[in-house]
Amino acid sequence: MRHILGYFRFGFRQLRKNPTFTVTAVIALALGIGSTTAVFSLVDAVLLKPLPFPHSDRLVWITQEDHSTGAVVPEILSYPDYFDWRAQNHTMSGLASWKGATLTLTGSGQPQELNVETVSSNFFRVLGAAPILGRDFRQDEELAGNRAVMLSYALWQSRFGADPRIAGRSIVLNGQPYTVTGVMPKNFEFPIRSTPTDVWSSIAPLAEGNHPETTNRGDDSLSVIGRLKPGVTVEQTRADLSVIARNLASRYSDTNKWYTTAAVTPELRQLVGDTRFALEILLSAVALVLLIACVNVAGLLLARGARRSAEIALRGALGASRAEIVRQLLAESVLLALIGGGAGIALAKVILTAVVALLPTAVPRLNEVSLNLPVLMFAVGVSLITGLLFGVLPALRISRLRPAVALREGMRSVASGHARHTLQNWLVIGETSLSLVLLVGAGLLLRSFSAALHAEPGFDPHGVLTARFSMPDSSYNHDQKIQFVQQLLGRLAVVPGVQSASAGWPLPMSASFATTSFTVQGHPVAQADHPSEAIGVTLPGYFSTLRIQLLAGRDFSPLDKAKSAPVAIVSQAFAKKYFPGANPLGLHLRSDEDGAPREIVGVVGDVKQQGLTMNPVPQYFLPWTQVVITNPYICLRTSSNPSALENTVRAVVASMDADIPLYRVHPLDDYVLQSAAQSRFQALLLSGFAAIALLLAAVGLYGVLSYVVQQRGAELALRLAVGAQRSDILRLIVLRGMTLAFAGEAAGLVVAVCATRFLETLLYGVKPLDVVTFISVSLLLLFVALLASAAPAYRAAQTDPITTLRTE
């Protein structure tokens, strides 16, 4: 231990004696280690950390598989199917369901729109969670008339003042009384998503009415999670549930004909979804940055070792073994890496803040991202490994010096050895090639992001304010809802600055989306074979307000009332799919939403409902005045900044009914930008890492050329003395640098061609082998290499031959 501490003390003195080298190496390492630590922190929180439930590895996501199209498509369950699966399976200790909704809380202050999950009575027991106050749901609270809710900790604190007697009290949601059974712990969250749940409700409300949802086997709207019994595998559970699915398909052929198998996925994998691949790409990118930093520092150590050749030779002459010299040099490398690691951890905090700000809100568990103990241990481990990685090769190279030759010939001849130059050249070529790979990847993602932003969404989002509100069924019947919305739109239409006012659902790119089955005139099929497409409900003027093109026929009008002839409008993609080569106007379809045969009165342009990079899907629209299936979004086209009208809209709604909350008030542009958030995050973050790699490559090239100029000082002076022009010296050094850059680019292009195919699923509107991107980043890298070569070349050209030769 005394020897080891001695190595480190001497190494620290050596680093302190050469501050320029130390600062340069520490900055390079801090960039590499800091970037890697920040991204690993993100990966740890999102991908690696287990879910915060007991034995979370046994939690699985359950779906049935739809075979109707020939391809296997996951499909969520209906309540009757869920009840059968829960009762008949033999491989799970529990199977729970949930379904999202919104409810309006009234009766205690301002009305508040709450995010609600309607859950089965065993929901919390399956997850392994329990309330901190009150009791869990009972089995009988799945039956009609037993409305019960569990409050989130945040809602209990903010709305009810952390009242310890809240359990057993009644609260009013959507005008109906609900009994509070308990309060969940502060850190409990499920489903895990960006918008936390405020309330968990029993399924009793869905069991009420003449046609309760809990008895409708054709209404597939339920998410299901299960807990495997100890020792049971995912495959065993899949086989078990598939037997039940086939029995249900045989027994209920009208609704379950095509649902003959089950899908079972670990819950963590389901939660992460497509985010996993994007984060793996980023982790690979920062690994390359770290490798480039290591190569960079290894080159600096070689150059520094050359200047220390006489010192190392003297150590050997005085009796130091090669192993002792290697240990000393490795100790210096590890010490340098630990200092760089400390600076990297500080930098990681800054990078992590920027990364989280850029992340799409849909990425799960963002609130858990932090530089916690496992992440710090990772940073220390990376620092130690990095120190050995970049230190071992220079240490072995330098320790091979023969003391007698080194002391006799001096540092100059030893330091200018061809082998050392060759190794440094290869290091520069290597980091240049890796930098090019990152630059190509960043360039492709930037072009993809640009293509997404310039994609035609099928509507004009600029200057449109959107908002949503809720009218409780207990206060508003069908006719009253229609009257309220029509009066509201009429008042908003005359607000100064409003050009047009309408409403509809779903709002494009708002994450609201639904599909409903239907039949087409002249093509009757069994219920299980009904085609299903996206559905929308709109009020008159919706398409013109959003500037969705009306291609044929007419828009809905105020005459399309509840008791008038049922009508529908279809999108262009819908018309092409179901009425190829025919005019759909005047034909009929029958939506399973209400069963009425509807005349198609219009065709509108296709709209990208789910994102800029998603292709438009076939869609049909019904008049909201005929099918009041949900609360629509208000859409106001304005002549100025749409956000400036928010307070006015709130005041108008409150003047009509103070108990109706207005929420999700956003310009439509926000939804469009949010839909491209994933592309923006990937492009900007990878571009940042590529910029770091480019900087490190430039520093590496600059360092090698500076070393060459220093070691070949006598030769360059002699060239000038015998008649060489300064431009010749300038050209000689620049040519050396550009030769290394060209070699690195050639190797990098080969690697990039092979690597970019992994980015194909992340790209939109650009091919992995995009010629423009490859040429652009190649020219950029050459330009940076030229800049890095210019300073050493200029310094070499300014050499004073007389002074240099006298010194040598």
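Going from the sequence shown to the working numbering is simple: count from 1 and add 20. Every residue, glycine too, gets a C-beta built ideally from N, C-alpha and C. Fair warning: this is a prediction, and the values are worked out from it, not measured in the lab.
For Gly246: DSSP bridge partner residues: Counting from one through the sequence shown, the residue named residue 246 turns up at place 226. Gly246 is bridged to Val80, Leu115.
Three or more C-beta pairs below 8 Å linking the segment 192–203 and the segment 162–173: yes
Length of the line joining the Cα atoms of Val724 and Leu67: Reading the sequence shown from its first residue, position 704 is the one you call residue 724. Reading the sequence shown from its first residue, position 47 is the one you call residue 67. If you draw a straight line from the Cα of Val724 to the Cα of Leu67, it is about 40 Å long.
Stretch-stretch touch, CB-based, cutoff 8 Å, three pairs: the segment 252–264 with the segment 34–51: Segments in contact, no.
Of the listed residues Val627, Asp499, Gln698, Met112, nearest to Ile82 (C-alpha basis): For the purposes of this step, residue 82 is taken as the residue at position 62 of the sequence shown. Of Val627, Asp499, Gln698, Met112, the residue nearest in Cα terms is Met112.
Distance between Leu782 and Thr650 (C-alpha atoms, nearest Å): For this step, residue 650 is matched to residue 630 along the sequence shown. For this step, residue 782 is matched to residue 762 along the sequence shown. Rounded to the nearest angstrom, the two C-alpha atoms are 34 Å apart.
Ser433 classed as buried or exposed, judged by whether at least 16 other C-beta atoms fall within 10 angstroms: Your numbering for residue 433 matches position 413 in the sequence shown. Only weak support is given to the placement of Ser433: the predicted model assigns it a pLDDT of 42, under 50, and the value that follows is read from those uncertain coordinates. Flag for Ser433 reads exposed.
Stretch-stretch touch, CB-based, cutoff 8 Å, three pairs: the segment 390–409 with the segment 544–553: The segment 390–409 is not in contact with the segment 544–553.
Cut-off 8 Å between Cβ atoms - residues of its own chain near Pro652, not counting five sequence neighbours on either side: Looking up residue 652 in the sequence shown gives position 632. The residues are Arg488, Val505, Ala523, Gly524, Trp525, Val557, Thr558, Leu559, Trp644.
Sufficient close CB pairs (3 or more, under 8 Å) joining the segment 794–813 to the segment 473–489: no
Counterpart residues of His20 in DSSP-defined beta bridges: As shown, the chain starts at 21 and ends at 828. That puts residue 20 outside it, with no answer to give.
The segment 696–713 in contact with the segment 456–470 per 3-pair CB rule at 8 Å: Enough Cβ pairs lie closer than 8 Å, so yes.
Buried/exposed call for Gly17, threshold 16 Cβ in 10 Å: Past the boundaries of the shown model lies residue 17; the chain is included only from 21 to 828, so the question cannot be answered.
Identity of the residue in Leu716, Ala534, Asn276 nearest Val637 by Cα: As a working note, residue 637 is residue 617 in the sequence shown. Closest option to Val637, judged by alpha-carbon separation, among Leu716, Ala534, Asn276: Ala534.
Coarse secondary structure for Gly757, derived from DSSP in three states: Within the sequence shown, the letter at position 737 stands for residue 757. Correct three-state label for Gly757: helix.
Tyr814 versus Leu750 - alpha carbon distance: What you label residue 814 is simply residue 794 of the sequence shown in a count that begins at 1. What you label residue 750 is simply residue 730 of the sequence shown in a count that begins at 1. If I take the Cα positions, the gap works out to 6 Å.
Stretch-stretch touch, CB-based, cutoff 8 Å, three pairs: the segment 85–96 with the segment 378–394: Judged by Cβ distances under 8 Å, the segment 85–96 makes no contact with the segment 378–394, as fewer than three pairs qualify.
Any 3 or more C-beta pairs closer than 8 Å across the segment 351–367 and the segment 26–36: yes
C-beta atoms of Val647 and Asp690 nearer than 7 Å: The sequence position of residue 647 within the sequence shown is 627, counting from 1. The sequence position of residue 690 within the sequence shown is 670, counting from 1. Taking 7 Å as the Cβ cut-off, Val647 and Asp690 do not qualify as a contacting pair.
Bridge partners - Thr124, DSSP secondary structure assignment: Stepping through the sequence shown from its first residue, residue 124 is reached at position 104. Answer by DSSP bridge pairing, in chain order: Glu133.
When Tyr102, Lys369, Asp218, Leu802 are compared against Leu125, the one with the closest alpha-carbon: Against the sequence shown, residue 125 aligns to sequence position 105. Leu125 has its Cα closest to that of Asp218, out of Tyr102, Lys369, Asp218, Leu802.
8 Å Cβ shell around Ala718 - same chain, five flanking residues per side excluded: Here residue 718 refers to the residue found at position 698 of the sequence shown. Closer than 8 Å at Cβ, skipping near neighbours: Val804, Ala805, Leu807, Ala808.
Where Glu95 falls: helix, strand or coil (DSSP): Residue 95 sits at position 75 when you count from the first residue of the sequence shown. Reduced to three states, the DSSP call for Glu95 is strand.
C-alpha gap between Ala737 and Tyr727, whole angstroms: Translated into the one-based positions of the sequence shown, residue 737 becomes position 717. Translated into the one-based positions of the sequence shown, residue 727 becomes position 707. Cα-Cα distance, rounded: 15 Å.
Buried or exposed (CB count within 10 angstroms, at least 16 for buried), Asn497: Here residue 497 refers to the residue found at position 477 of the sequence shown. When all chains shown are included, Asn497 counts as exposed.
Proximal residues to Gly622 (C-beta, below 7 Å), its chain only, five neighbours per side dropped: Taking the first residue of the sequence shown as position 1, residue 622 is located at position 602. Within the same chain, Gly622 has close Cβ partners Leu570, Ala572, Gly573, Arg574, Asp575, Ile589.
Cα-Cα separation between Gly437 and Gly319, rounded to whole angstroms: Sequence index remark: in the sequence shown, residue 437 carries index 417 (1-based). Sequence index remark: in the sequence shown, residue 319 carries index 299 (1-based). Because Gly437 carries a pLDDT of 47, less than 50, the predicted location of this residue cannot be relied on, and the following value inherits that uncertainty. Looking at the two C-alpha atoms, the distance is approximately 15 Å.
For Leu71, the three-state DSSP class (helix, strand or coil): For the purposes of this step, residue 71 is taken as the residue at position 51 of the sequence shown. Looking at Leu71 - three-state DSSP - the assignment turns out to be coil, as it is neither helix nor strand.
Close beta carbons around Trp176, own chain, < 7 Å, minus the five adjacent residues each side: One-based indexing of the sequence shown puts residue 176 at position 156. Around Trp176: Ala182, Ile186, Val203.
Neighbour-count burial assignment, Gly430, 16 or more Cβ in a 10 Å radius: Here residue 430 refers to the residue found at position 410 of the sequence shown. Caution applies to Gly430, whose pLDDT of 49 falls short of 50 and renders its modelled position unreliable; the model cannot decide the point.
Reference Val7, options Ala269, Leu508, Leu566, Gly165, closest by Cα: Nothing about residue 7 can be read from this structure; the chain reaches only from 21 to 828.
Reduced DSSP secondary structure (H/G/I, E/B, other) of Thr645: Indexing the sequence shown from 1 puts residue 645 at position 625. Note: Thr645 maps to coil in three-state DSSP.
Own chain, CB closer than 7 Å to Glu133, minus 5 neighbours either side, in chain order: On the sequence shown, residue 133 is found 113 positions in, with the first residue counted as 1. Excluding residues within five positions, the ones whose Cβ falls inside 7 Å are Thr122, Thr124, Ser490, Pro681, Tyr683.
Rounded C-alpha distance that separates Ile24 from Ala343: Counting from 1 along the sequence shown, the entry for residue 24 is found at position 4. Counting from 1 along the sequence shown, the entry for residue 343 is found at position 323. Rounded to whole angstroms, the gap between the alpha carbons of Ile24 and Ala343 is 13 Å.
Counted within 10 angstroms of its Cβ, other Cβ atoms place His231 as buried (16 or more) or exposed: The count along the sequence shown starts at 1 and reaches residue 231 at position 211. Label assigned to His231: exposed.
Local Cβ density within 10 Å of Glu161, reported as buried at 16 or more and exposed below that: Numbered from its first residue, the sequence shown carries residue 161 at position 141. It counts as buried.
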